[in-house]
Structures are given as structure tokens and as C-alpha cells.
Amino acid sequence: MKKRFLTAVLIIGILFVATTLWAAELNNVTGKGVDGNLVFYDASGNEINTWDATNRKLSIPSGSTLEVSSGGTLTASGTTTITGGTLVRPTISGMFLSISSKVLSLADWYLSAADKLITFWTLSSGSNGTNYMIACSDTEGRLRVIRNDTNGSVVIKEAGQTGVTIAKGKTAVVIHNGTDYVRVSGDATH
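In our numbering, the protein residues as written are -17 to 172.
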């Protein structure tokens, strides 16, 4: 069954590439099977692209461009990593733009895995004193914007560290440095 599936994927890939190349009038392109993959070369013998049959991925050489025409869509589903690229006006949803409100008590609040994914926090409570947000083993580089609407100060920190204190009625931007949270900005009045 797996061989049939891979064969079908390879045939579809060949048909796609063949029709794409025909439409582009590239008559000097050759394809060869190399280590179970399908590799296409130009007339000079330079690699154009590779269809990896095992991992079902298309590879293009460094310095090449994958172009999506205006109005077209390049879709990435699931968890996708883009390395070394530049995103121009991207629409990003999910954990990097998530917003939440939380009512705090004076007890220590240990951030859950879901809490750690939230970037923008509005915190409130009727308690006077210091409220602690404790992020155990958070991710280096994690940026947070915290709006303190409590009746006291808020400290965001790693367990056993000092963290950043945000005064009552203030908003601050903080980042995790691999050990603890540090300020990116001073407190701003909101």
C-alpha cells in the first residue's frame, strides 16, 4: 500500500512538473531518478529541483525562488517553520497574537502551558499588594505585554528569580532572556 501511494505521488509530481515545464516552454530539461528521488536538470546540467519521494517534499537549490503569482496562495498547515525568509505584511494568528484577561489574587499564579502561549495580558484584581505571575521554564525570547489593572503591583518572573515588577495602572513590555524576565520598556501609563 505504501509503495502504491509513493508511486501515485511520484506520478502526480511528474505530471505536474512535466505540464509546468511544457507550459513554460522549457524544452531542455531532463529528469533522472537519483537515490529514489526525481531530480530535474537544465541543459547545462544544473539542478532545477528535486522531488523527494520518501519525505514527499520539493526542494529547490539555494538562490532559487519559489514564486506564487499575485492573487495566488501558498498554504502552510499545521505547525510550520519558516527559516531565513522575510514575511511581508503576514497575517499571523494563534499564540503570537493571543490576548487574555486574568483576575489575580495575592497567591502565586503559576502559568500553565496554555497561559505561556499568551502574549498580551490584562490583569485585574481588587487585592492590594503584590501579585506574582510565575512562568516555570519559559521560552527564551518570549515577549509579553502586560497591562496591570490590579490594585497593587504585578511581578512576572521565573521561579526563584526576581523578574520584573510592573506598577499599578501601568503597562510594560518584557522578554524572557533564558533565565528570567527583563524589561524591554519602562512602565507606561494606560
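Ideal Cβ positions, reconstructed from N, Cα and C, are used throughout, including at glycine.
Exposed unless 16 or more other CB atoms sit within 10 angstroms - verdict on residue i
i      : result
Leu105 : buried
Tyr92  : exposed
Arg38  : exposed
Asp24  : exposed
Asn159 : exposed
Ala96  : exposed
Ile128 : buried
Ala141 : exposed
Asn10  : exposed
N- and C-terminal bounds of the beta strand (DSSP E) containing residue i
i      : result
Leu20  : Asn19 to Tyr23
Pro100 : Reading the sequence as shown, one finds Ile at residue 100 and not Pro. Where Ile100 is concerned, there is no enclosing beta strand (DSSP E), given that its DSSP letter is neither H nor E.
Val164 : Tyr163 to Arg165
Thr112 : Thr112 to Ile116
For residue i, the residue or residues it bridges with in DSSP
i      : result
Val155 : Val127
Asp177 : Residue 177 lies beyond the stretch modelled for the chain, which goes from -17 to 172, so this question has no answer here.
Glu29  : Tyr23
Lys14  : Val21
Lys150 : In the DSSP output, where bridge partners are listed per residue, Lys150 has none listed.
Ile138 : Met115 and Val146
C-beta contact flag for residue i and residue j at 8 Å
i      : j      : result
Val136 : Tyr163 : no
Ala149 : Asp169 : yes
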